[in-house]
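*Asks:* Following numbering that gives the first Met the number 0, the numbering of the sequence shown begins with 0 at its first residue and continues without gaps.
C-beta: ideal position from N, C-alpha, C; glycine also.
Here the structure is a predicted model, which means the values were calculated and not measured.
Before anything else, here's the structure in question.
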Amino acid sequence: MEVQYPLVFFTLFLCLSSGMLLFQGVCALRGAGTKRFHTAMLAAELVVLAVGGFSSFLHLHHWERIFNGFGHLTSGITQELIGIVVTVVVLAVLFGVLRKAEDGERVLPKWCGILAVVVGVVMGFVCAHSYFMPARPAWANLTLYLYYYASELVLGAAGTWLLAAALHEDEAVGALLAKLTCAMGVVSALAILVAGFYWTTISFGDVGYSFHTTDPTAALPDPSAALAAPAVGSLAGLFWGGAVVVGSLVAVVAGFFGMKKAEQALPLSAAALVCSLVGGVCFRVVLYAVGVSFYVYF
């Protein structure tokens, strides 16, 4: 399947924004973070969400026709819109609570933390569910949800850690976020490996064929080879080097050293976030490459 780069960046930034909201909720539940930190987090989440939404619009040749899709509640684009609107409302609520808060032991009440975590978790599901397609076996299984959640977690942890480091938050907050970034990097690596292994087990015993009128001389695709390409084929560089090593293990290493060297939190967290973003793009490109249909056209 041809890579749809606007959607690659849409899901990437949606996972980053939702993940940061989720970990902001974790900080709020623990009573961690100053008023300035939480305000900056809300602003960053809103900006990233807007960039992701704009990326989604770039996928459309006729923007005005998007409203036709909104007429169906079961369509992915409608569910994404609802999720984004709910997220914006939650950000506004949290901002309103913060305006009345004073810097102290807890600037956000626990219910705000719970709300942020719940919305973050739901948005991870919405992001994955929009691309669940029974006609494309690699996209029609639980590994799709597993990866998008893992992407949301590692991006969110690294992004939150970077902002805390940039604002010189308390070392305890930085240590917590470094530990979470390390753990989420492990989760991301495992999710990617599980997905890559599962793709090689998908069977195409019954494949339909039809004549492709726009490219009748094109070679017949090999579904099995396409699904094995990330592990041992032409996509191995993107899969192992990009998604696993750069996108996941760098966050593990950065988080590990961040727990021990608080003075290096800013460069380590920046490296973790940048590499997680690069790895997220790599895996999403691979995801499109393995998105072969049950019906092969030639």
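Thinking just about the alpha-carbon of each residue, which of 87, 259, 213 is nearest to the one in residue 171?
*Replies:* Here residue 171 refers to the residue found at position 172 when the sequence shown is read from its first residue. Considering only alpha carbons, the answer is 259.
*Asks:* Could you check how far apart the C-beta atoms of residue 284 and residue 237 are, in whole angstroms? I think they sit under 8 Å.
*Replies:* Here residue 284 corresponds to residue number 285 of the sequence shown, with the count starting at 1. Here residue 237 corresponds to residue number 238 of the sequence shown, with the count starting at 1. The Cβ separation is near 6 Å, so the contact holds.
*Asks:* Within its chain, find whatever has a CB closer than 6 Å to the CB of residue 0; leave out the 5 residues flanking it on each side and keep chain order.
*Replies:* For the purposes of this step, residue 0 is identified with residue 1 of the sequence shown, where counting begins at 1. Hits under 6 Å: 287, 290.
*Asks:* When DSSP labels each residue in this structure, what does residue 287 get in the three-state scheme?
*Replies:* On the sequence shown, position 288 is the one that residue 287 refers to. DSSP places residue 287 in helix when its eight states are reduced to three.
*Asks:* Looking at the C-beta of residue 268, does it have a partner C-beta in chain B at a distance below 9 Å?
*Replies:* Among the protein chains of the structure shown there is no chain B, as only one such chain exists.
*Asks:* Pick helix, strand or coil for residue 302, following the three-state DSSP scheme.
*Replies:* Missing from the structure shown is residue 302; the chain here goes from 0 to 297 and no further.
*Asks:* Hey, how far is the Cα of residue 252 from the Cα of residue 181?
*Replies:* Sequence index remark: in the sequence shown, residue 252 carries index 253 (1-based). Sequence index remark: in the sequence shown, residue 181 carries index 182 (1-based). If you take the alpha carbons of residue 252 and residue 181, they lie about 7 Å apart.
*Asks:* Counting beta carbon pairs with one atom in the region 138-145 and one in the region 225-243, are three or more of them shorter than 8 Å?
*Replies:* They do not touch, by the three-pair rule.
*Asks:* Spatial neighbours of residue 164 within its chain, please: C-beta separation below 7 Å, excluding the five flanking residues on both sides.
*Replies:* By one-based count along the sequence shown, residue 164 stands at place 165. The residues are 173, 264, 265, 268.
*Asks:* For the region 4-19 and the region 126-135, state whether three or more C-beta atom pairs, one from each stretch, are separated by less than 8 Å.
*Replies:* Segments in contact, yes.
*Asks:* Can you tell me whether residue 168 is buried or exposed, with buried defined as 16 or more other CB within 10 angstroms of its CB?
*Replies:* As a position in the sequence shown, residue 168 is number 169, starting the count at 1. Burial call: buried.
*Asks:* Mark residue 157 as exposed unless 16 or more other C-beta atoms lie within 10 angstroms of its C-beta, in which case mark it buried.
*Replies:* Sequence index remark: in the sequence shown, residue 157 carries index 158 (1-based). Residue 157 should be labelled buried.
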